[in-house]
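Note that this note's numbering has the sequence shown beginning at 6, numbered continuously upward.
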Amino acid sequence: MNFQRENSSICSENWIQDSQEHKVYQLDNEENKLVKIIIQVTLTKDQKIVYQKNGTILRIEQVYDTSRDPEILNYMEQIQHLSWQGQYALNNKKNGKWMVSWDENLIKDASGYYYDGKKQGLWIDLIQNYWIQAQVFETGEYLNDLKIGNWNYICNKNKIGGGLYNKDNSKQGKWIELDEGFCMAKKVIYRGEYNMRGMKVGIWDIYYFKDGENQYKQIGGGSYGQEGQIKIGKWVELDEGFYRRKQVTCSGEYNIKGMKIGRWDICYCKDGEKQYKQIGGGLYDQEGQIKIGKWVELDEGFYRDKQITYHGEYELKGMKIGRWNIVNKGQKIGGGIYSVGNSQIKIGKWTELDEKFNRDKQVIYSGEYNMKGMKIGRWDIHYCDRWGDGEYIQIGGGSYDEGENQIKIGRWVQLDEGFNTNKKVTYSGEYNMKGMKVGRWDIIHNKSADDEFEYIGGGSYDEVEGQLKIGSWVDLWEGFQFYAQVTYSGEYNKKGQKIGVWQILYDKSGDGEYEQIGGGSYDEELGQIKIGRWVELDESFFEENQITYNGDYNMKGKKIGTWVEMDILENKLIGEKIYNN
6 MNFQRENSSI
16 CSENWIQDSQ
26 EHKVYQLDNE
36 ENKLVKIIIQ
46 VTLTKDQKIV
56 YQKNGTILRI
66 EQVYDTSRDP
76 EILNYMEQIQ
86 HLSWQGQYAL
96 NNKKNGKWMV
106 SWDENLIKDA
116 SGYYYDGKKQ
126 GLWIDLIQNY
136 WIQAQVFETG
146 EYLNDLKIGN
156 WNYICNKNKI
166 GGGLYNKDNS
176 KQGKWIELDE
186 GFCMAKKVIY
196 RGEYNMRGMK
206 VGIWDIYYFK
216 DGENQYKQIG
226 GGSYGQEGQI
236 KIGKWVELDE
246 GFYRRKQVTC
256 SGEYNIKGMK
266 IGRWDICYCK
276 DGEKQYKQIG
286 GGLYDQEGQI
296 KIGKWVELDE
306 GFYRDKQITY
316 HGEYELKGMK
326 IGRWNIVNKG
336 QKIGGGIYSV
346 GNSQIKIGKW
356 TELDEKFNRD
366 KQVIYSGEYN
376 MKGMKIGRWD
386 IHYCDRWGDG
396 EYIQIGGGSY
406 DEGENQIKIG
416 RWVQLDEGFN
426 TNKKVTYSGE
436 YNMKGMKVGR
446 WDIIHNKSAD
456 DEFEYIGGGS
466 YDEVEGQLKI
476 GSWVDLWEGF
486 QFYAQVTYSG
496 EYNKKGQKIG
506 VWQILYDKSG
516 DGEYEQIGGG
526 SYDEELGQIK
536 IGRWVELDES
546 FFEENQITYN
556 GDYNMKGKKI
566 GTWVEMDILE
576 NKLIGEKIYN
586 N
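Structure (structure tokens):
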């Protein structure tokens, strides 16, 4: 299964040691959709592919056949759960029957044969973006690693698409193909025709299977020119992020060069409704692709719980000018002015949204930009609780220097990166003149709209270098929220590394009383390396899933021996796992 790679420089002949950032899709649990994140992929000297995120190893894969380009996975779910098993010949090439597992459980419907490292004969393969919400197979025949003849897409044992490959491995004739992000939340297919050169021509229709309905219904489409692949004339196409909670389409016209011209409308259909309603749009110039005049645009993260639009004007060169307003479901909540000219720079007073603004994180920032588009002076942070009265109240803020560096200085109260209705956490402390955190920083938590913010943690940063945690600290657990009020308590050395005993504490009843439920020790000399006996939390720990893992680390920070999985809520053993030294 060859995955399309966004980072083509990772592929190589005869294996070249390399390490690069790589974009992969990961499930956003809050919005229930796939989003792109960056991880690190390393090709090692001993022919391994190592996937890492923020320094944590996600997967190590041994590669035996280095005569082929390495297959780099583009989906986090596959990196964590997918594996193929089969035999290698003496020349290290795949040979015989290969099968696939998900979480070490065999996927019975998928398998095929290799001969001398090439796929041959009938295969039941996985689609490129196969995962737990996209359990779709593609079935057909390979000849020397190339698809030939008829191929079908199968979902729940039903055919949902497919078409014909010619002898050159190009699609030909009529096809029903899946959207590249096809899954339970985005059941989108395209129907149309390929010419003899594998180029889309003529009319292509777009169909969507909406929850609660029993068939695919056409929601868009248009025509490609006879030269192929160039959109021409009237089109209704899907927004790039289209899915169940963001049923957005764009309709307008392409010229003969495949450029958008004239009026384009943006329409939205709420989940559970049948009709698309216009919510935005504007004009492209007659040369194509350049926005002009008044526009209503959707926020890049627009979806059911973030219906934000931007209202303003473009000048003739496609640059935003003058006043732009930010609107949330018809109510103006922010905006400001862009400079006149070719710069598209924010100037003067602005109220803008947090980049993750949604119904559970209604956070806005208000302050001033200088003539070069740099934040200066006082900026305030306001929050509107979704369960409150609709009013924005100030919960933080601080000052930027008056220069051109956009550096935070002095006293600040700033929000936790994951701040939302269930995690109203702020940090209070001071920045030095270089924009580095120094001295004491406190961690404050507000449990509800009626409660006052209360201190739950914190510690000190180095006064000289800044940004380095030193001495005693109470940190928040990565998954901290209202239903998982967990903190870590311990000490950092002068290099900002965890050393000695660290305790894991949990406020079980939500009354501010924290009790120890786990922890262990870090190496005193090297720091950051776990050693000896540890009790750790499941990454999904919360009040109804109080799972811990108990076991030992060796002096190199590797798990060894038997690790016991416990349910501390029920006080019972769930399972065991043995790690070899």
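Each residue gets a CB set at the ideal place from its N, CA and C atoms; glycine is no exception.
Since the model is a prediction, treat every value here as computed from it, not as a measurement.
1) Suppose contacts are defined by Cβ-Cβ distances below 7 Å. Is Tyr221 in contact with Val253 by that definition?
2) Tell me the residue span of the alpha helix (DSSP H) that contains Met81.
3) When the distance is taken between beta carbons, is Gln533 closer than 7 Å to Asp512?
4) From Leu288 to Tyr374, what does the alpha carbon distance come to, in whole angstroms?
5) DSSP three-state label for Ser371, please.
6) So for Gln90, helix, strand or coil by DSSP?
7) Three-state secondary structure (DSSP) at Ser514?
8) Give the secondary structure of Asp385 by DSSP, where H, G and I count as helix, E and B as strand, and everything else as coil.
9) Grouping DSSP H, G and I as helix and E and B as strand, with all else coil, what is Thr71?
10) Taking only three categories from DSSP, how would you classify Tyr397?
11) Note down, in chain order, each residue of its chain lying with its Cβ closer than 8 Å to the Cβ of Ser14, except the 5 sequence neighbours on either side.
12) Is there contact here, the stretch 436-455 with the stretch 377-386, by at least three beta-carbon pairs under 8 Å?
13) Where does Arg249 land, buried or exposed, given buried means 16+ other C-beta within 10 angstroms?
14) Does the Cβ-Cβ distance between Met104 and Gln92 come in under 7 Å?
15) Could you have a look at Met104 and say whether DSSP puts it in helix, strand or coil?
16) How would you label Val368, buried or exposed, when you count the other beta carbons within 10 angstroms and need 16 or more for buried?
17) Going by DSSP, which residues form a beta bridge with Asp276?
18) Work out the CA separation of Trp107 and Ile579 for me, nearest whole Å.
19) Where does Glu211 land, buried or exposed, given buried means 16+ other C-beta within 10 angstroms?
20) Beta-carbon separation of Gly339 and Thr356 under 7 Å?
21) Tell me Gly434's beta-bridge partners as DSSP assigns them.
22) If we call anything under 7 Å between Cβ atoms a contact, is Ile237 one with Gly230?
23) What first and last residue would you give for the beta strand (DSSP E) that runs through Gly335?
24) Drop a sphere of 10 angstroms on the beta-carbon of Phe8, count the other beta-carbons inside from all chains shown, and report buried for 16 or more, exposed for fewer.
25) At the 7 Å Cβ level, is Asn425 part of the contact set with chain C, yes or no?
26) Thinking just about the alpha-carbon of each residue, which of Met204, Lys334 and Met189 is nearest to the one in Gly217?
27) Suppose you measure from the CA of Thr492 to the CA of Gly523; what does that come to, to the nearest Å?
28) Quick one, which of Glu518, His450, Glu36 and Ile552 has its alpha-carbon nearest Gly487's?
29) Quick one, are the C-beta atoms of Met324 and Gln349 less than 7 Å apart?
30) Apart from the five residues just before and just after Asn427, which ones in its own chain have a Cβ nearer than 6 Å to its Cβ?
31) Name the DSSP beta bridge partners of Met571, please?
32) Could you name each continuous beta strand (DSSP E) segment of 3 residues or more that falls completely within the stretch 235-310, going from the start of the chain to the end?
33) Return helix, strand or coil for Asp184, following the three-state DSSP convention.
34) Sort Arg202, Thr144 and Gly154 by Cα distance to Asn163 and report the nearest one.
Looking at the coordinates:
1) To locate residue 221, count along the sequence shown from 1; it is residue 216. To locate residue 253, count along the sequence shown from 1; it is residue 248. It is not a contact, given that the beta carbons lie outside the stated cut-off.
2) Numbered from its first residue, the sequence shown carries residue 81 at position 76. Start and end: Met81 to His86.
3) As a working note, residue 512 is residue 507 in the sequence shown. As a working note, residue 533 is residue 528 in the sequence shown. Contact: no.
4) Residue 288 sits at position 283 when you count from the first residue of the sequence shown. Residue 374 sits at position 369 when you count from the first residue of the sequence shown. Each residue's Cα considered, the two are about 29 Å apart.
5) Indexing the sequence shown from 1 puts residue 371 at position 366. Assigned with DSSP and collapsed to three states, Ser371 falls in strand.
6) The sequence position of residue 90 within the sequence shown is 85, counting from 1. Three-state DSSP puts Gln90 in a strand.
7) Walking along the sequence shown from the start, residue 514 turns up at place 509. Coil at Ser514, not helix or strand.
8) As a first step, residue 385 must be located in the sequence shown, where it is residue number 380. Strand at Asp385.
9) Taking the first residue of the sequence shown as position 1, residue 71 is located at position 66. Residue state, collapsed to three classes: coil.
10) Working through the sequence shown from its first residue, we reach residue 397 at position 392. The answer is coil: DSSP assigns Tyr397 none of H, G, I, E or B.
11) Start at 1 with the first residue of the sequence shown, and residue 14 comes out as number 9. Confidence at Ser14 is low in this model, with a pLDDT of 38, below 50, so the placement of that residue should be treated as unreliable; the coordinate-derived value is given next. Taking Ser14 as the centre and dropping the five residues before and after it, the same chain places the C-beta of Asp23 and Gln25 closer than 8 Å to its C-beta, in chain order.
12) With the cut-off at 8 Å, the stretch 436-455 and the stretch 377-386 do not touch.
13) Working through the sequence shown from its first residue, we reach residue 249 at position 244. Its Cβ being crowded by 16 or more others within 10 Å, Arg249 is buried.
14) Here residue 104 corresponds to residue number 99 of the sequence shown, with the count starting at 1. Here residue 92 corresponds to residue number 87 of the sequence shown, with the count starting at 1. No, these two residues do not count as a Cβ contact at 7 Å.
15) Position 99 of the sequence shown holds residue 104. Strand.
16) Here residue 368 is taken as the residue at index 363 of the sequence shown, counted from 1. Buried is the call here.
17) Within the sequence shown, residue 276 is the residue found at index 271, counting from 1. Asp276 is not bridged to any residue.
18) Residue 579 sits at position 574 when you count from the first residue of the sequence shown. Residue 107 sits at position 102 when you count from the first residue of the sequence shown. Each residue's Cα considered, the two are about 22 Å apart.
19) Residue mapping note: residue 211 aligns to position 206 of the sequence shown, counting from 1. Before going further, note that residue 211 is Ile rather than Glu in the sequence given. So Ile211 ends up on the buried side.
20) For the purposes of this step, residue 339 is taken as residue 334 along the sequence shown, with counting starting at 1. For the purposes of this step, residue 356 is taken as residue 351 along the sequence shown, with counting starting at 1. A contact, by the Cβ cut-off of 7 Å.
21) Within the sequence shown, residue 434 is the residue found at index 429, counting from 1. BP columns for Gly434 point to Trp417.
22) In the sequence shown, the residue the question calls residue 237 occupies position 232. In the sequence shown, the residue the question calls residue 230 occupies position 225. Yes, these two residues count as a Cβ contact at 7 Å.
23) Along the sequence shown, one-based indexing puts residue 335 at 330. Counting along the chain, no beta strand (DSSP E) covers Gly335, and no H or E run does either.
24) Looking up residue 8 in the sequence shown gives position 3. The predicted position of Phe8 is uncertain, since its pLDDT is 32 and thus under 50; a value taken from the coordinates is nonetheless stated next. Exposed, because fewer than 16 other Cβ atoms sit within 10 Å of the Cβ of Phe8.
25) This model lacks chain C altogether, as it is built from one protein chain only.
26) As a position in the sequence shown, residue 217 is number 212, starting the count at 1. Answer by Cα proximity: Met189.
27) Sequence index remark: in the sequence shown, residue 492 carries index 487 (1-based). Sequence index remark: in the sequence shown, residue 523 carries index 518 (1-based). In a straight line, the C-alpha of Thr492 is about 10 Å away from that of Gly523.
28) On the sequence shown, residue 487 is found 482 positions in, with the first residue counted as 1. Here the sequence assigns Phe to residue 487, which means Gly is not the residue at that position. Out of Glu518, His450, Glu36 and Ile552, His450 has the C-alpha closest to the C-alpha of Phe487.
29) In the sequence shown, residue 324 corresponds to position 319, counting from 1. In the sequence shown, residue 349 corresponds to position 344, counting from 1. In this structure, Gln349 lies closer than 7 Å to Met324 by Cβ.
30) Position 422 of the sequence shown, counted from the first residue, corresponds to residue 427. Within the same chain, Asn427 has close Cβ partners Gln486 and Phe487.
31) For this step, residue 571 is matched to residue 566 along the sequence shown. Note: Met571 sits in a beta bridge opposite Thr553 and Leu578.
32) 236-243, 252-259, 265-274, 282-289 and 296-303
33) Translated into positions along the sequence shown, residue 184 becomes position 179. Coil at Asp184, not helix or strand.
34) The sequence position of residue 163 within the sequence shown is 158, counting from 1. Comparing Cα-Cα distances from Asn163 to each of Arg202, Thr144 and Gly154, the minimum goes to Thr144.
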